[in-house]
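Each residue of the sequence shown is one higher than the one before, counting from 1 in full-length UniProt numbering.
Reviewing the structure listed below.
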Amino acid sequence: MFRFSRNAITRACSLSIRRPEVIRHRRYASQAINQMLQLQQMEICADPPSRGLVVGVYADEEDKNDAGILTPTGWRYNVQKTHGRLLEVLRMSGPMPKRGETRLLFAVEPERVPYYSAVAVIGLGKECLGYNPYEVLDEQKEAIRRSVADACRILAELDTDRIEVENCGHAESAAEGAALGIWIYQELRDPKRRISVPSIDLYATKDEICDIEGWRIGLQKAAAQNLTRQLQEMPSNLLTPTAFAQNVVEVLCKSGVNVEVKVEGWAESQSMHAFLAVGKASCEPPIFLELSYYGTCAEERPIVLVGQGVTYDAGGLCLKEKQELFHMRGDMTGAAVVVATCRAVAGLRLPDATNVMITRGDEFEYLREGMAGRPTRTLIEFIAQSICKDTAPKLNK
């Protein structure tokens, strides 16, 4: 791109124009020159796109003098891109980050305008971490998930446009943590005031084999969890039983899951009197959802999941305490988890082990209005058993 000074362009215009209207042309040329100079100044002064990188380091949490060992991908970045400056600055900043801790480093690349504006170094603990039978979890994978999620959340707060995450030894856990870390509920915010969410991608050097499949699986698992979080955070006045069913239909029908929405009349024909009795406490009609996913032949035994979907539970006549009422919009978490699980199974196209899935969830509101349940009520269910629950408070002796 050639750049001309103001005097050169003005001199060229004055030599080429030899007419009485030269003043008018010079005025137009001057305006064009000013616009060109303003664009050049904007290009020079504009900030480059903000990018962030997440790399891991192994260190003994109990030893403050541990020099730390970078992950293989982090070591390659340290040698190839920063010429050893990353590890040098990390050691100068203090003790190695503990497991789950994030250390932000800036300007570690020798270039004047670095490709990554910020590098987040996460602590992964010892290299020998593995499965913990007492906690029933893999501590190494859990450390990767938690650390990557915290690092991505911190980088997102710096208005980072793009975040690249190394696999940290397990690409699936890294992807899951990254997607969980940048998630934020802002459905009810003004579109002009919504926070921009950075994109996430897997970082790898040229001589490294990328685990793209593991990264994809991690993103699918995180998407299912974020779906549950979105349904949980939605206010109960907006997420009515009908709205919940509409959300499920929109989300799962795209994934190849069969969704059957059954209304109050169907429940009456099935003698589901307990289900109907609780639903009478609200003006919102109760809804019963049945989700079916078939991964293989129908002869295989299905896996059945059942989730409770009380969109708001006030306790009926036995009204709950005000501290409990604040969190009762989350009483539909069971149904939300079932829906998210079904979406993850369909997205991952799991084989024979989970070939058929039938999930059932009942959506209703349980309030202290209308035909709310009364103490000493007796209900006859379709399984020919009577349900008698005494909800009257017991007198102190």
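Virtual Cβ for every residue (Gly too), placed ideally from N, Cα, C.
Just so you know, these numbers come straight off a predicted model, no measurement behind them.
> Going by C-alpha distance, which of ARG85, GLU135, VAL148 is nearest PRO114?
Replying inline: Counting from one through the sequence shown, the residue named residue 114 turns up at place 114. For PRO114, the nearest C-alpha among the options comes from ARG85.
>> For THR242 and ALA222, what's the separation of their Cα atoms in angstroms?
In response: Position 242 of the sequence shown, counted from the first residue, corresponds to residue 242. Position 222 of the sequence shown, counted from the first residue, corresponds to residue 222. If I take the Cα positions, the gap works out to 26 Å.
> Can you name, in chain order, every residue of its own chain whose Cβ lies under 8 Å from the Cβ of ALA336, other than the five neighbours on each side?
Replying inline: Residue mapping note: residue 336 aligns to position 336 of the sequence shown, counting from 1. If we look at ALA336 and ignore the five residues flanking it on each side, its Cβ neighbours are LEU227, THR228, LEU231, GLN232, GLY307, GLY309.
> From this set, ALA175, PHE288, PRO191, which residue's C-alpha is nearest CYS210's C-alpha?
Replying inline: Sequence index remark: in the sequence shown, residue 210 carries index 210 (1-based). Ranking the options by Cα distance to CYS210, first place goes to ALA175.
>> Taking the alpha helix (DSSP H) that VAL338 belongs to, which residues open and close that run?
In response: Translated into positions along the sequence shown, residue 338 becomes position 338. Run containing VAL338: 333-348, per the alpha helix (DSSP H) assignment.
> Which of the three DSSP states, helix, strand or coil, is assigned to CYS210?
Replying inline: Here residue 210 corresponds to residue number 210 of the sequence shown, with the count starting at 1. Coil at CYS210, not helix or strand.
> Taking C-alpha atoms, which residue in VAL249, GLY256, GLU300, ARG103 lies nearest to PHE288?
Replying inline: In the sequence shown, counting from the first residue as 1, residue 288 sits at position 288. Minimum Cα distance to PHE288 is reached at VAL249.
> Who are the near neighbours of GLU127 in its chain, counting only those whose CB is closer than 6 Å to its CB and skipping five residues on each side?
Replying inline: Position 127 of the sequence shown, counting from 1, holds the residue named residue 127. Excluding residues within five positions, the ones whose Cβ falls inside 6 Å are TYR58.
>> For GLY130, tell me which candidate among LEU238, GLY123, ASP138 has the shortest Cα-Cα distance.
In response: As a working note, residue 130 is residue 130 in the sequence shown. Ranking the options by Cα distance to GLY130, first place goes to ASP138.
>> Looking at the secondary structure, which residues open and close the beta strand (DSSP E) in which ASP150 lies?
In response: Reading the sequence shown from its first residue, position 150 is the one you call residue 150. ASP150 -> not in any beta strand (DSSP E); alpha helix (DSSP H) instead, spanning 139-157.
>> To test your reading of the DSSP string, which unbroken beta strand (DSSP E) runs of 3 or more residues are found completely within the segment 239-314?
In response: Complete beta strand (DSSP E) runs here, min 3: 258-262, 287-294, 303-313.
>> How far does the beta strand (DSSP E) with GLY56 in it extend, from its first residue to its last?
In response: The sequence position of residue 56 within the sequence shown is 56, counting from 1. Its beta strand (DSSP E) spans residues 51-58.
>> Strictly under 8 Å for the Cβ-Cβ distance: is VAL55 near chain C by that measure?
In response: The displayed structure is made up of one protein chain only, and chain C is not part of it.
>> Does GLY123 come out as helix, strand or coil in the three-state DSSP assignment?
In response: In the sequence shown, the residue the question calls residue 123 occupies position 123. Three-state result, GLY123: strand.
> Using CA coordinates, which residue listed in ARG194, ASP159, VAL259, ALA344 is at the minimum distance from GLU290?
Replying inline: The residue labelled residue 290 in the question sits at position 290 within the sequence shown. Answer by Cα proximity: VAL259.
> Using DSSP with H/G/I as helix, E/B as strand and the rest coil, what is ASN65?
Replying inline: If you number the sequence shown from 1, residue 65 lands on position 65. Correct three-state label for ASN65: coil.
> Buried or exposed: where does GLN140 fall if 16 or more other Cβ atoms within 10 Å of its Cβ makes it buried?
Replying inline: In the sequence shown, the residue the question calls residue 140 occupies position 140. Looking at its Cβ environment, which holds 16 or more other Cβ atoms inside 10 Å, GLN140 is buried.
> Relative to the C-alpha of GLY74, which residue among SER50, ARG112, ILE122 is closest?
Replying inline: For this step, residue 74 is matched to residue 74 along the sequence shown. Among SER50, ARG112, ILE122, the Cα nearest to that of GLY74 is on ILE122.
>> My output table needs one value for LEU227: the three-state DSSP class, helix, strand or coil.
In response: Position 227 of the sequence shown holds residue 227. Residue state, collapsed to three classes: helix.
> What first and last residue would you give for the beta strand (DSSP E) that runs through SER93?
Replying inline: As a position in the sequence shown, residue 93 is number 93, starting the count at 1. Per DSSP, SER93 belongs to no beta strand (DSSP E) and is neither H nor E.
> What residue does the alpha helix (DSSP H) around VAL79 start on, and which one ends it?
Replying inline: As a working note, residue 79 is residue 79 in the sequence shown. In the DSSP assignment, VAL79 falls within the unbroken alpha helix (DSSP H) covering 72-80.
> Would you call CYS253 buried or exposed, if buried means 16 or more other Cβ atoms sit within 10 Å of its Cβ?
Replying inline: Position 253 of the sequence shown, counted from the start, is the residue given in the question as residue 253. Exposed, by the Cβ-count rule.
> Ends of the alpha helix (DSSP H) at GLU166?
Replying inline: The count along the sequence shown starts at 1 and reaches residue 166 at position 166. Following the DSSP letters along the chain, one finds GLU166 in no alpha helix (DSSP H), marked with neither H nor E.
> How should VAL165 be labelled, buried or exposed, when 16 other C-beta atoms within 10 angstroms of its C-beta is the threshold for buried?
Replying inline: Position 165 of the sequence shown, counting from 1, holds the residue named residue 165. Buried, since its Cβ has 16 or more Cβ neighbours within 10 Å.
> Between which two residues does the alpha helix (DSSP H) carrying SER199 extend?
Replying inline: Locating residue 199 in the sequence shown gives position 199, counting from the first residue. Here SER199 belongs to no alpha helix (DSSP H); instead the beta strand (DSSP E) covers 199-202.
> Should ALA107 and ARG91 be called a contact, given that it needs their Cβ atoms to be closer than 8 Å?
Replying inline: As a position in the sequence shown, residue 107 is number 107, starting the count at 1. As a position in the sequence shown, residue 91 is number 91, starting the count at 1. Cβ atoms of ALA107 and ARG91: not closer than 8 Å.
> Which partner residues of THR102 appear in the DSSP bridge assignment?
Replying inline: By one-based count along the sequence shown, residue 102 stands at place 102. Answer is ILE122, bridged to THR102.
> Near ALA151, which residues of its chain fall below 6 Å by C-beta distance, leaving aside the five closest residues on each side in sequence?
Replying inline: Taking the first residue of the sequence shown as position 1, residue 151 is located at position 151. Excluding positions up to five away in sequence, the list reads VAL54, THR102, ALA120, ILE122.
>> Give me, in chain order, the residues of the same chain whose beta-carbon lies closer than 7 Å to that of ILE195; leave out the 5 immediate sequence neighbours on both sides.
In response: Position 195 of the sequence shown, counting from 1, holds the residue named residue 195. Taken in chain order, the residues that qualify are ILE184, GLN186.
>> According to DSSP, ASN132 sits in a beta bridge with which residue or residues?
In response: In the sequence shown, residue 132 corresponds to position 132, counting from 1. Note: ASN132 sits in a beta bridge opposite LEU137.
>> Tell me the rounded alpha-carbon separation between GLY169 and GLU268.
In response: Numbered from 1 along the sequence shown, position 169 holds the residue referred to as residue 169. Numbered from 1 along the sequence shown, position 268 holds the residue referred to as residue 268. Their backbone Cα atoms lie some 54 Å apart in a straight line.
>> Under DSSP, the alpha helix (DSSP H) around GLU176 begins and ends at which residues?
In response: Taking the sequence shown and counting its residues from 1, the one referred to as residue 176 is at position 176. Element bounds for GLU176: 171-181.
> Should ALA178 and ALA143 be called a contact, given that it needs their Cβ atoms to be closer than 8 Å?
Replying inline: Against the sequence shown, residue 178 aligns to sequence position 178. Against the sequence shown, residue 143 aligns to sequence position 143. Against a cut-off of 8 Å, the Cβ pair of ALA143 and ALA178 comes out as no contact.
>> Quick test of your reading: GLU157 and LYS98, contact by CB under 8 Å. State the CB separation rounded to the nearest angstrom.
In response: The residue labelled residue 157 in the question sits at position 157 within the sequence shown. The residue labelled residue 98 in the question sits at position 98 within the sequence shown. So it is not a contact: roughly 21 Å between Cβ atoms.
>> Can you look up ALA353 in the DSSP assignment and give me helix, strand or coil?
In response: By one-based count along the sequence shown, residue 353 stands at place 353. Low confidence applies here, because ALA353 scores a pLDDT of 41, under 50, leaving its location unreliable and the question unanswered by this model.
> With a CB to CB cut of under 8 Å and the five nearest residues on each side skipped, what residues in its chain are close to ASP159?
Replying inline: Within the sequence shown, numbered from 1, the residue matching residue 159 stands at position 159. Cβ within range, chain order: SER50, SER196.
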